[in-house]
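For the sequence shown, my numbering begins at 75 and goes up steadily by one.
Below is one structure, written out as structure tokens; the observations come after it.
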Amino acid sequence: MIRRYVEQILSIYNYIDGLVVTDNKGIIEYFVTYRPDINKLKEADVLGKYILDIYPDLSPETSSIMRVLKSGKPVFNESQHLKTYKGQSIYAVNSTLPIVSGEEVIGVVDVSRYLDPEIRRENITLAFKDNHLPKNKDELYSIDDIITDENSMLEIKEKILKVSKTGSSVLVYGVTGTGKELVAQSIHKHSDRCNMPFVSQNCAAIPSTLLESILFGTVKGSYTGAENKKGLFEVAQGGTIFLDEINSMEISVQAKILKAIEEKKIRRVGGLEPIDIDIRIVSAVNEEPRKAIEEGRLREDLFYRLSVVQINIPSLKERKKDIKLLTGYFIDRFNKNMNKGIIGIDEKVEEIFNSYSWPGNVRELKNVIEGAFNLTSGNLIKMRDLPDYIQNKNMHYSGIIEDS
């Protein structure tokens, strides 16, 4: 039964960093991490072990897994600082759900988004408790963090400065890894709302049955375990809410977003009283908006409301001049973070970087360089320091050249 729950969760949560399933005693029956650079535990380290033995700093009261096993009530978007029995610290936002058979809780599923300790601003889905909001605007990106020499990106920086002076809705289009949240944060930081909250939610990370509660809040008793809690629209009051991958949101929830925009009011789930909202909405899609509309993933009327201004971010393969610039930027950054003295990349690496298509865009480039920092033994990054899939691409390109 637990394997079946795992398959269901994985089919719903397509934007998670880690997943743990325990039985009703807190014994780990399933474990996977998609960010081994952050959570270095392996399946063999934890299977069959008690969750509090893996994270000894937690207690039955502070562990969301143990609380859900006891109460049978789900916990959503809870920030946790986890310390493993191996001494590693992990910052995460967790949602923990009971596995129920009849009236009996037989286990829990715990899904995590990790906060990178080196780059904790990047791609963070904020918990919607007031004290987990950014404390000040210095925690957010600005246009100075957009590293570019390309005219297309320089025009985007100029557009950000212009739209930040208004309150109009902005739709950002870019494929995965291009920096959509960087743009959204920059719009907020340069605006008159910069001293008010910036709240971010990836709509693909939460099933539609929960997303409405997270966005609009809940009234106690509206469903089992529900408490009086603000949603992200209330938490963002006076500031900006960023809704990423809004094309993954169920159409029924999109209709409620549209209504909230038109009325400037929301109602909590289970509530009757309208609540006035004063927020700016920045949203993002990871596919061409017209395609999403035609294929029924995005309401056309909502698109018009959200895209008063549209910003299209080019992929990294369309920013060839920026590859060298970004490579140098990430080398400088990881030299500081890892206390190393890497001075650059060798000629073969530069050649493959310029010919590679970078499907993961800037995020992939960053991760490739970070991985190379872990492996290189000299002061230059060489081919042997790159991931196998990129080395194999180089062999493919070499074969084409030799055959021609």
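Positions of the beta carbon are idealized from the N, C-alpha and C atoms, including for glycine.
The structure presented is a predicted model; accordingly, all values stated were derived computationally and were not measured.
Excluding five sequence neighbours on each side, which residues of the same chain lie with their C-beta closer than 7 Å to the C-beta of F499?
Outside the displayed span of the chain (75 to 478) sits residue 499, for which this structure offers no information.
Would you mind stating whether N386 and G251 have Cβ atoms separated by less than 8 Å?
For the pair N386 and G251, the CB atoms are not nearer than the 8 Å cut-off.
Give me the Cα-Cα distance between E178 and Q259, rounded to the nearest whole angstrom.
Near 44 Å, if we compare the C-alpha coordinates of Q259 and E178.
So, with DSSP's three-state summary, where would you put G418?
Strand.
Pop quiz: I320 and V359 are said to be a contact at Cβ under 8 Å. What is the actual Cβ separation, rounded to whole angstroms?
Indeed they touch by this definition, with Cβ atoms about 6 Å apart.
Complete runs of the beta strand (DSSP E) confined to the segment 278-351 [at least 3 residues]
Fully enclosed beta strand (DSSP E) runs of 3 or longer: 314-318.
Here's the rule I'm using: 16 or more other beta-carbon atoms within 10 Å means buried, otherwise exposed. How should M412 be labelled?
Sixteen is the threshold: since fewer than 16 other Cβ atoms of the shown chains lie within 10 Å of the Cβ of M412, the residue is exposed.
Hey, how far is the Cα of L454 from the Cα of N441?
Cα-Cα distance, rounded: 17 Å.
C-alpha gap between L346 and G312, whole angstroms:
Each residue's Cα considered, the two are about 22 Å apart.
Measure the alpha-carbon distance for E224 versus D396 and round it to whole angstroms.
C-alpha of E224 to C-alpha of D396: approximately 7 Å in a straight line.
Could you give the residue range of the alpha helix (DSSP H) that holds E444?
Unbroken alpha helix (DSSP H) run through E444: N435 to L449.
Rounded to whole angstroms, how far is the Cβ of V246 from the Cβ of K254, which I believe are closer than 8 Å?
The beta-carbon separation of V246 and K254, rounded to 5 Å, stays under the 8 Å limit for a contact.
L156 to G122 span [Cα, whole Å]:
So the two alpha carbons sit approximately 19 Å from each other.
In the DSSP assignment, the beta strand (DSSP E) including E152 goes from what residue to what residue?
First-last of the beta strand (DSSP E) with E152: V149 to K157.
Reduced DSSP category for E177 - H, G, I as helix; E, B as strand; rest coil
The answer is coil: DSSP assigns E177 none of H, G, I, E or B.
Ignore the nearest five residues each way along the sequence and tell me which others in K231's own chain have a CB closer than 7 Å to its CB.
If we look at K231 and ignore the five residues flanking it on each side, its Cβ neighbours are I217 and I220.
Any idea if N205 is buried or exposed, counting beta-carbon neighbours within 10 angstroms, 16 or more meaning buried?
Caution is warranted here: a pLDDT of 33 is assigned to N205, below 50, making its placement in the model unreliable, and no coordinate value can be reported.
Output needed for V174: all residues of its chain with C-beta closer than 8 Å, excluding positions within five of it in sequence on either side, in chain order.
Leaving aside the five residues that flank V174 on each side, the residues in its chain whose CB is nearer than 8 Å to its CB run, in chain order, G146 and I180.
Helix, strand or coil at V382 [DSSP, three-state]
Note: V382 maps to coil in three-state DSSP.
Using 8 Å as the Cβ pair cut-off and three pairs as the minimum, do the segment 92-102 and the segment 121-140 touch?
Taking a cut-off of 8 Å for Cβ pairs, the segment 92-102 and the segment 121-140 touch, as three or more such pairs fall below it.
Buried or exposed: where does Y129 fall if 16 or more other Cβ atoms within 10 Å of its Cβ makes it buried?
Buried, by the Cβ-count rule.
My guess is that I353 and I315 are in contact by the Cβ rule of under 8 Å, so how many angstroms apart are they, rounded?
The Cβ separation is near 5 Å, so the contact holds.
Alpha carbons only, please: which of Q328, I349 and R267 is nearest the one belonging to K338?
Nearest option by C-alpha distance: I349.
I'd like the list of long-range same chain contacts for I331, defined as Cβ closer than 7 Å, with 5 residues on each side in sequence excluded.
Take I331, set aside five residues on each side of it, and the residues of its chain with a beta-carbon closer than 7 Å to its own are L376, in chain order.
Please determine, among D406, I139, I325 and L115, the residue with the shortest C-alpha to C-alpha distance to G370.
Out of D406, I139, I325 and L115, I325 has the C-alpha closest to the C-alpha of G370.
Which residues in the same chain have their Cβ closer than 7 Å to the Cβ of E301, if we skip the five residues on either side of it in sequence?
Same-chain partners within the cutoff: T292 and K294.
Put Y108 into one of helix, strand or coil per three-state DSSP.
Three-state result, Y108: coil.
Use the C-beta contact count for K263: other C-beta atoms within 10 angstroms, 16 or more gives buried, fewer gives exposed.
Counting the other CB atoms within 10 Å of its CB gives K263 a total of 16 or more, which places it among the buried residues.
Closest Cα partner of M270 within the set D212, V327, K391 and I417
Cα-wise, what sits closest to M270 is D212.
Backbone secondary structure at G92 - three-state DSSP:
In the three-state reduction of the DSSP assignment, G92 falls in the strand class, which pools E and B.
Relative to the alpha-carbon of Q154, which residue among D131, T222, E117 and I426 has its alpha-carbon at the smallest distance?
Selected option, being the one with the closest Cα: D131.
Assigned secondary structure, V244 (DSSP; H/G/I helix, E/B strand, else coil):
DSSP places V244 in strand when its eight states are reduced to three.
Would you please state the rounded distance, in angstroms, between the beta carbons of I417 and T401? I believe it to be under 8 Å.
Here I417 is actually not in contact with T401; their C-beta atoms are around 12 Å apart, not less than 8 Å.
Simplified DSSP assignment, three categories, for P363
In this structure, P363 counts as helix in the three-state DSSP scheme.
When you compare only the Cα positions, how much space is there between E135 and G92?
Straight across, the Cα-Cα distance linking E135 with G92 is about 22 Å.
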